[in-house]
């Protein structure tokens, strides 16, 4: 299956690359060292059309395909993986399920705001005791007087501090596992929603990661997303798309590592010659580039399958697994090639190294991706 | 107010030096296999045109000469940035036409377009840097001409423009129709096309005219094009010289050398 970038894709790539160079590059290191939410740049990204890329124009989005989305995410993450996290969560984990599973009224109510940057979304699935085993979540929702009453604590919520809209998963039935879960669109302004502990992280530090607490939060019945009991299905389908976005993030970090390392080894002299002349260094670059290219092809392929409406859970897991491990590999190599200079904040590779790690963890750890992939292999007759 | 912006597609000037090559048989820069972009100052010219349109309405048309198949990116970008339509004068020699010839074709094309109050160009192309096109187009069209303009604003029936000068800037009243060559300035930094405008660009009209359809008159070509005898890439040599003497003497020598090189 060949994946070709169209002229439109290439122009979107060039535009987002220039946007990242203009708006993010000058502040990327500072956003990491003095973590803060870059509201002004998010607004500019929204103005450019990056906050609801795959949302159809009729709902205020750009109506682009997943490949365009992937290309744009790689460009943002190339410069600031933290910033890209803010963007990808809004696109993949919030706009996407509303578009796929929302009613017409829900789409019209929430998508224009999310796509235009007037509002920001977050995805509330993980709980203190339900991480990889997300379907064991305990948050509950009970129908009372025609409203849902939602209680529970969600953790590691990206954009949790700034978000206006939460996609929340809660148990509506007594049954265990995925079947008893439903999804809700919960506005942060609903009484009973509070932001709890805000985490201090190793990487992607300009995106907030917070606890979001729902205390007898009353949610209108109309804000049930999809059918009652479909929450598990919605969560997993959403993550199929989300993983493609994280794969793209990992591509950006891996490319940043490769490009910075390539430039550095050309100009760094040791033993009377540029270190780029040493075979060990050259092989490291070759390995980084080869793995990056392989991961990119997997990611583009998953995006193309999604664009074609074909099953892509396994391919998305493969893309995320390969790309995230490539990001970690490439960032690790880059730090090593920089030597002592790779360990200090004067150069960006130490940030890439810290940013890369999360891609192996969130939206399904590498181990979970391997479970998804192997399950798909073994379920075949 | 109808604005025509002349754009040229050139090999990306940001490319590493090692990717720059000259074809000795044609005495032209090798373009094949290199990324092509809108010439730097032409993009600034487009921005000036779009800002005038944003503020006062009217139309912006992008005009380029070149092989139809090879100018797609430049045209698409111009349309995505906000030009209403584009005209391509289909000539395989397009990018390598001498400025004198190019100016004649552009003037004829502007005339064929009908109404144009203002023609904008970059102050120089990123490849040949001839700087002759804007004044020659103005001459052929009988229009006013101001070069190295950083900003332009309508005033009464004409324009007030700011023109870069060695000692600062000149403010010039310009009557229309006019041809302005645009220099870069913070005020005309090219906008990034919005994603939806990139998508919408393919729905905007692109007119392709054969050279035969663009009647160049003798008045359009009043000077003879120079013939390029040869083009060479300057050899870069690096030489390191250690200055002797105490620090004060070293500084004095250094200043003297820098002055001799006209760097101070």
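Chains as they are written, first to last, in this note's numbering: chain A, -14 to 366; chain B, 3 to 266. Glycine residues also receive a C-beta, built at the ideal position from the N, C-alpha and C atoms. In this text the structure is predicted, and so the values were computed from the model without any measurement.
For residue 155 of chain A, the pairing in a beta bridge is given by DSSP as A:167.
Residues of chain A with a Cβ closer than 8 Å to the Cβ of residue 201 of chain B are, in chain order, -7, 47, 48 and 49. Leaving aside the five residues that flank residue 172 of chain B on each side, the residues in its chain whose CB is nearer than 7 Å to its CB run, in chain order, 165.
Membership of residue 165 of chain B in the beta strand (DSSP E) is indicated by the continuous run 160 to 167.
For the region 20 to 44 of chain A, the residues whose beta carbon sits under 8 Å from a beta carbon of chain B are, in order, 32, 33, 34, 35, 38 and 42. Between residue 181 of chain A and residue 198 of chain A, the CB-CB gap stays under 7 Å. When B:161, B:116, B:115 and B:104 are compared, the shortest CA-CA separation from residue 138 of chain B is found for B:104. In terms of Cα proximity to residue 149 of chain B, the closest of B:143, B:163 and B:157 is B:163. Considering only beta carbons, the part of the region -5 to 6 of chain A lying closer than 9 Å to chain B consists of -5, -4, -3, -1, 0, 1, 3 and 4, in chain order. Non-local C-beta neighbours of residue 46 of chain B in its own chain, meaning closer than 8 Å and more than five positions away in sequence, comprise 124, 184, 185, 186, 187, 190, 191 and 192, ordered along the chain.
Taking 9 Å as the upper bound on Cβ-Cβ separation, chain A lies near residues 74, 75, 78, 79 and 82 of the region 52 to 85 of chain B.
Taken atom to atom, the span from the alpha-carbon of residue 133 of chain A to that of residue 168 of chain A is near 11 Å. If you ignore the 5 residues before and after residue 96 of chain B, its C-beta comes within less than 7 Å of the C-beta of 67, 68 and 69, all in its own chain and listed in chain order.
For residue 208 of chain B, none of the residues of chain A pass the 8 Å Cβ criterion, the least Cβ distance being about 13 Å. Residue contact check for residue 194 of chain B against chain A: a CB pair falls below 7 Å. DSSP places residue 276 of chain A inside the alpha helix (DSSP H), whose first and last residues are 264 to 292.
Assignment of residue 113 of chain A by DSSP, reduced to helix, strand and coil, places it in the coil class.
In this structure, the CA atom of residue 135 of chain B is about 7 Å from the CA atom of residue 102 of chain B.
Between residue 155 of chain A and residue 124 of chain A, the beta carbon gap of about 4 Å places them in contact (Cβ cut-off 8 Å).
In this chain, the alpha helix (DSSP H) harbouring residue 251 of chain A covers 216 to 252. Residue 339 of chain A is a Cβ neighbour of residue 188 of chain A, given a cutoff of 7 Å.
Residue contact check for residue 197 of chain B against chain A: a CB pair falls below 7 Å. CA-CA distance, residue 3 of chain B to residue 84 of chain B, rounds to 15 Å. In the three-state scheme derived from DSSP, where H, G and I count as helix and E and B as strand, residue 150 of chain B is classed as strand.
Residue burial is scored here from C-beta neighbours: residue 174 of chain A has fewer than 16 other C-beta atoms within 10 angstroms and is therefore classed as exposed.
Here the alpha carbon of residue 35 of chain A sits roughly 40 Å from the alpha carbon of residue 158 of chain B.
Taking the C-beta atoms as reference points, residue 48 of chain B is found nearer than 7 Å to residue 7 of chain B. The three-state secondary structure of residue 256 of chain A, taken from DSSP, is coil. Within its own chain, the residues whose Cβ lies closer than 6 Å to the Cβ of residue 113 of chain A, once the five positions on either side in sequence are excluded, are 140, listed in chain order.
When beta bridges are read from the DSSP output, residue 108 of chain A appears opposite A:152. Here residue 120 of chain B is bridged, per DSSP, to B:5 and B:180. Residue range 89 to 101 is occupied by the alpha helix (DSSP H) that includes residue 94 of chain A. The continuous stretches of beta strand (DSSP E) do not include residue -5 of chain A, which lies in the alpha helix (DSSP H) extending over residues -8 to 4.
Shown here, residue 31 of chain B sits in a strand according to DSSP, grouped into three states.
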